[in-house]
Every structure is written in structure tokens, then in C-alpha cells.
Amino acid sequence: MASSLEWTLSTSWWTQRAGVSAVAPPSERMTDADADAAALAELTETALVDACLAGRAGAFDLIVERHRRRIYQLCYRFVGNHEDASDLSQDVFLRVFRGLRSFRGRSSLATWLYRIGVNVCLNRISASTTRDKATASVDDQPLTDDRCESASDLVLRKERAAHVRAAIARLPRKQRATLILRTYHEMTHQEIADVLGTSVGAVKANFFHALGNLKKLLGEM
Amino acid sequence: MHLHDDELIDLAESVRSEVSAPHLQSCAACRGKLADLRATLASVEAVDVPEPSPLFWDHFSRRLHDAVAAEAPGRTGRAWLPWLLPAAAAASLLLFVVAPGVWRSMGRPAAPIALAPTAPVPPAREMLGELTDPSLTLVADLSDGAGWEAAHEAGLSPRGSAEHAVTHLSEPELRELQRLLQAELAHASD
Numbered sequence: 024m025a026s027s028l029e030w031t032l033s034t035s036w037w038t039q040r041a042g043v044s045a046v047a048p049p050s051e052r053m054t055d056a057d058a059d060a061a062a063l064a065e066l067t068e069t070a071l072v073d074a075c076l077a078g079r080a081g082a083f084d085l086i087v088e089r090h091r092r093r094i095y096q097l098c099y100r101f102v103g104n105h106e107d108a109s110d111l112s113q114d115v116f117l118r119v120f121r122g123l124r125s126f127r128g129r130s131s132l133a134t135w136l137y138r139i140g141v142n143v144c145l146n147r148i149s150a151s152t153t154r155d156k157a158t159a160s161v162d163d164q165p166l167t168d169d170r171c172e173s174a175s176d177l178v179l180r181k182e183r184a185a186h187v188r189a190a191i192a193r194l195p196r197k198q199r200a201t202l203i204l205r206t207y208h209e210m211t212h213q214e215i216a217d218v219l220g221t222s223v224g225a226v227k228a229n230f231f232h233a234l235g236n237l238k239k240l241l242g243e244m
Numbered sequence: 008m009h010l011h012d013d014e015l016i017d018l019a020e021s022v023r024s025e026v027s028a029p030h031l032q033s034c035a036a037c038r039g040k041l042a043d044l045r046a047t048l049a050s051v052e053a054v055d056v057p058e059p060s061p062l063f064w065d066h067f068s069r070r071l072h073d074a075v076a077a078e079a080p081g082r083t084g085r086a087w088l089p090w091l092l093p094a095a096a097a098a099s100l101l102l103f104v105v106a107p108g109v110w111r112s113m114g115r116p117a118a119p120i121a122l123a124p125t126a127p128v129p130p131a132r133e134m135l136g137e138l139t140d141p142s143l144t145l146v147a148d149l150s151d152g153a154g155w156e157a158a159h160e161a162g163l164s165p166r167g168s169a170e171h172a173v174t175h176l177s178e179p180e181l182r183e184l185q186r187l188l189q190a191e192l193a194h195a196s197d
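Residue numbers (our numbering), protein chains in the order written: chain A, 24 to 244; chain B, 8 to 197.
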């Protein structure tokens, strides 16, 4: 009742302001929810966080929508399977929601999200000692569109990918995180340093050693 | 002087060009390291993340939306936080005032229970031992030596309240309360 009254008031106010004599047909009419969503979409990320904290409906959903794919991919790189990546991504966003008040805007929202994501993933891989699906067999990997590849090429590519994933899973934590953020998320050395709370020099050193160790691990397999 | 790790990384990632590192021309070891780095990097880059079904994202957002809604301000612990301290203080004060009488009456089951203490009541702080919550410590300090009359004057047990009812029981009611408390304590110690 209240919302319908608000809608009526705001519509008549808008009609009056715009000098519109006739009400637009329903298909062209913008509801308050649509208008609010459009207004949210225009906000900067810091303003979007403020909107979340102010309790504006849909603000957090928009943050999720903007970043969910990258966070999922980050999690997938750490755990190597869809099921855990999905759970971890949800965990990341729940932590983001709980910690929104602590976001000061000193780094970008994406960097802050990555920081939480990396911590969640590193905690998970530390905790899971027996259940490491990153080394899952080729058959366990989700299907992608492989129609333009021959069957043998496909098998070879998947085997190579499984080997590389398994080798990455054996890297020390910081080297693993650095490699993932640099190679797959194309973050700058400075951004990685911000996420991991370290220096650019340490990031480059970690990346160098990660590649060196990976070469050895791939050679052993 | 061989190339440093970070220089090799910059070269491998093409952040800087090989022209800027003339040492490479004359050093086979550094060229070999650089080639290894590039080869490993290429094999890592070739591994992609399978794209989940488009339906997954809808499901993911909906699931997350529900999880977040379950933690919305009205339903989180924060909502009752402002009430926690006054409630804890009132409960603690009541405990300090009422507990000595009830406790002593339980120690002497056969004797009639008197509301007014017949022996000095030990200070509340001594009865409870070490308190970790500073707010409870403050309440304990303030209520040390305070009696039922003081609490009554402070308006903590107006007529009709639960506290008033408990501290103004008739003798049969007190006996029944005593029996129930003893049964509960015996149950708890099992």
C-alpha cells in the first residue's frame, strides 16, 4: 500500500516536473524499482558501498553481479573444481557483506574483493589436506565447447591442463597466489602487492620462483 | 653480471624489451633462463577456467541474496546489541540481590526460609569470583553491599514484576521453589 502510494506520488511529481500531460503507456513506464536500479548502476563503487551500508535494496546485488565472475575464476584457479569454487565464491561475498563497514576506499573495491578472495582460498587450501580436487583426473574437469578440436587434441590439452593445475596446487601459498593473480587476472605487480600485503619486489621474486618451481614440478610429472 | 630475477620477469612478460638488456646477447645462461620462464609462462597461460552455465549465475546470485538477507540488520546479532548491556546489568543486579537469599535457603532445606538474611551476605564480587566482562565488574562493584531494600528503592522490582513475585513468595511457594531449584541443580550435576 505504502509503496503504491509512493509510486503514485513520485510519478505525478515527475509528470508535473517534466510537463508531461499524458501518462506514458505501461510498457514505457519506468517503475520506482527500475529507476532505483538505474540510479544504482550509475554509482561509483565507493558510493555503491555507501548505498549498501545505507540499506538500499539491490546495491549489494549489483556489487555481486559486477564481480562474481572474476571472484569465481579466482576461486576456481585455487581449487580446480566448480563445486568448491562456487562455495568459496559465496563465502567470499558473504565476508564482503559482513565487512563492508571496514572498506575505507583506500584501494579499489576490486582489489579489496581480491584480497578477501585470496585469503578465503588460501585458508581453504590450508584446511583441506585430503580433499584436493585440483589434481582431479581429466575426466572430472567440466566440459567446455571443444567442437573444433579433434578427440586426441582435446585429450592432450586436458591432460596438459590437469598437469599444470596439479603443479600449481603444489606451489607454496604466496607463489601460488602471485602466479594466479598475475597470469590469470592480469593484475599489475603493485595491485598484487596490495592484495597480498607485500612489496612489488617481493611479488616479482615470488613470481620468478613460482615459475622456476613450476618448471621443475612439470618436469617431474 | 647476470640479469636479476625481477629483470628476467620483466623481460619474460615483455614489460621491457630485450634491447634494454644488452647482456642477453653475450650470456647464454641468462638467455636460457629467460626461455625457460617464457615456456613455463606459456604453459600456465594455456590453462583456462571452464565457463559455468548461464543458469549458474542466476542461481549463484539468488543463493547469495538469500544468504545475505538472512544476515540483514534486523536479523543479525547487532540488532539486539544495544539491549544487551542494560539487560545484562539488570540481570546481574537482580542476581546479586536475589541469589544470596535463595542460595542460603537451599543450604538449609529443613528450616523455614526467611527473606531477610540472618547472617551477613558476602560481597557479590567474592561470590562470583573473577569477572571478565568490564560491564559486569562495574555492576558488581556498584551492587556490593546493596540489599533487597536498595534494589526495591531503585525500582528494580515493582509490584507485579517477576522479581517482586519471587521475593514475596508465601512459605508453601518458597518450599516449592526450593524443591524445584534443588531438582534442577541435581539434574544439572548429573
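Backbone N, C-alpha and C define an ideal beta-carbon position, used for all residues, glycine too.
Practice problem: Kindly say whether T47 (chain B), judged by its beta-carbon, lies nearer than 7 Å to any beta-carbon of chain A. | Solution: yes
Practice problem: Would you kindly work out how many angstroms separate the C-alpha atoms of V226 (chain A) and G78 (chain A), rounded to a whole number? | Solution: 38 Å
Exercise. Just the C-alpha distance for E20 (chain B) and R45 (chain B), rounded to the nearest angstrom, thanks.
Key: 8 Å
Quiz prompt | Touch test, the segment 103-113 of chain A against the segment 126-136 of chain A, Cβ-Cβ under 8 Å, three pairs minimum | solution = no
Self-check item: Buried versus exposed, by CB contacts within 10 Å (16 or more), L28 (chain A)
Solution: Here L28 (chain A) scores only 36 on pLDDT, less than 50, and its place in the model is too uncertain to base an answer on.
Quiz prompt | E243 (chain A), DSSP secondary structure in three states | solution = helix
Exercise. Specify the secondary structure class of D121 (chain A) as computed by DSSP and reduced to three states.
Key: Note that residue 121 (chain A) is Arg in the sequence shown here, rather than Asp. Here R121 (chain A) sits in helix by DSSP.
Quiz item: For A233 (chain A) versus Q198 (chain A), is the C-beta distance shorter than 7 Å?
Solution: yes
Practice problem: For T69 (chain A), collect the residues of the same chain with a Cβ closer than 7 Å to its Cβ; drop the 5 residues on either side in sequence, then sort them by chain order. | Solution: G128
Practice problem: Determine, using beta carbons only, whether H187 (chain B) comes closer than 7 Å to chain A. | Solution: The sequence as given places Leu at residue 187 (chain B); His does not occur at that position. False, the Cβ-Cβ gap to chain A never drops below 7 Å.
Exercise. Enumerate in chain order the residues of its own chain whose CB-to-CB distance from L85 (chain A) is below 6 Å, with the five nearest sequence positions on each side excluded.
Key: L63
Exercise. Measure the CB-CB distance between V223 (chain A) and H212 (chain A) and report whether it falls below 7 Å.
Key: yes
Quiz item: Is the CB of A74 (chain B) under 7 Å away from at least one CB in chain A?
Solution: yes
Quiz item: Counting pairs of Cβ atoms below 8 Å between the segment 85-95 of chain A and the segment 183-203 of chain A, do you hit three or more?
Solution: no
Quiz item: Taking all protein chains shown into account, do 16 or more other C-beta atoms lie within 10 angstroms of the C-beta of M8 (chain B), making it buried, or fewer, making it exposed?
Solution: exposed
Exercise. Identify the continuous alpha helix (DSSP H) that holds P61 (chain B) and give its terminal residues.
Key: P61 to A77
Self-check item: Partners in chain A for R70 (chain B), counting only beta-carbon separations shorter than 7 Å
Solution: Q113
Practice problem: Using a Cβ-Cβ cut-off of 7 Å, state whether V26 (chain B) counts as contacting chain A. | Solution: no
Quiz item: Looking at the C-beta of E52 (chain B), does it have a partner C-beta in chain A at a distance below 7 Å?
Solution: yes
Self-check item: A74 (chain A) classed as buried or exposed, judged by whether at least 16 other C-beta atoms fall within 10 angstroms
Solution: buried
Quiz item: Can you tell me the Cα-Cα spacing of L48 (chain B) and W64 (chain B), whole angstroms?
Solution: 30 Å
Exercise. Alpha carbon to alpha carbon, how far is M210 (chain A) from A56 (chain A)? Give it in angstroms, no decimals.
Key: 35 Å
Self-check item: Backbone secondary structure at F126 (chain A) - three-state DSSP
Solution: coil
Quiz item: Taking just the CA atoms, how far does L41 (chain B) sit from H11 (chain B)?
Solution: 11 Å
Quiz item: CB-CB under 7 Å to V72 (chain A), same chain, minus the five flanking residues each way: which ones, in chain order?
Solution: L123, F126 and L132
Quiz prompt | Coil, strand or helix - C34 (chain B) by DSSP | solution = coil
Exercise. Indicate the three-state DSSP secondary structure (helix, strand or coil) for L194 (chain A) in the structure shown.
Key: coil
Quiz item: Taking Cβ positions only, does D162 (chain A) come closer than 7 Å to chain B?
Solution: For D162 (chain A), the predicted model reports a pLDDT of 45, less than 50, meaning its position is unreliable; a value from the coordinates is still stated below. Chain B contact via Cβ: absent.
Quiz item: Of all the residues that make up the segment 86-115 of chain A, which are near chain B by a beta-carbon distance shorter than 8 Å?
Solution: V87, E88, R91, R92, Y95, Q96, Y99, R100, H105, S109, S112 and Q113
Quiz item: What residues in the segment 130-153 of chain A bring their beta carbon closer than 9 Å to a beta carbon of chain B?
Solution: none
Quiz item: Of all the CB atoms in chain B, is at least one closer than 7 Å to the CB of F231 (chain A)?
Solution: yes
Quiz item: Taking the continuous alpha helix (DSSP H) assigned at H90 (chain A), which residues delimit it?
Solution: A82 to V102
Quiz prompt | Candidates A:R100, A:V119 and A:R92: closest to A74 (chain B) by CA position | solution = A:V119
Self-check item: Proximity of K238 (chain A) and D43 (chain B) at Cβ, strictly below 7 Å
Solution: yes
Quiz item: Would A216 (chain A) be called buried (16 or more neighbouring beta carbons within 10 Å of its own) or exposed?
Solution: buried
Quiz item: Sorted by chain position, which residues of the same chain lie with C-beta nearer than 6 Å to A108 (chain A)'s C-beta, five sequence neighbours on each side aside?
Solution: Y95, C98, Y99 and V102
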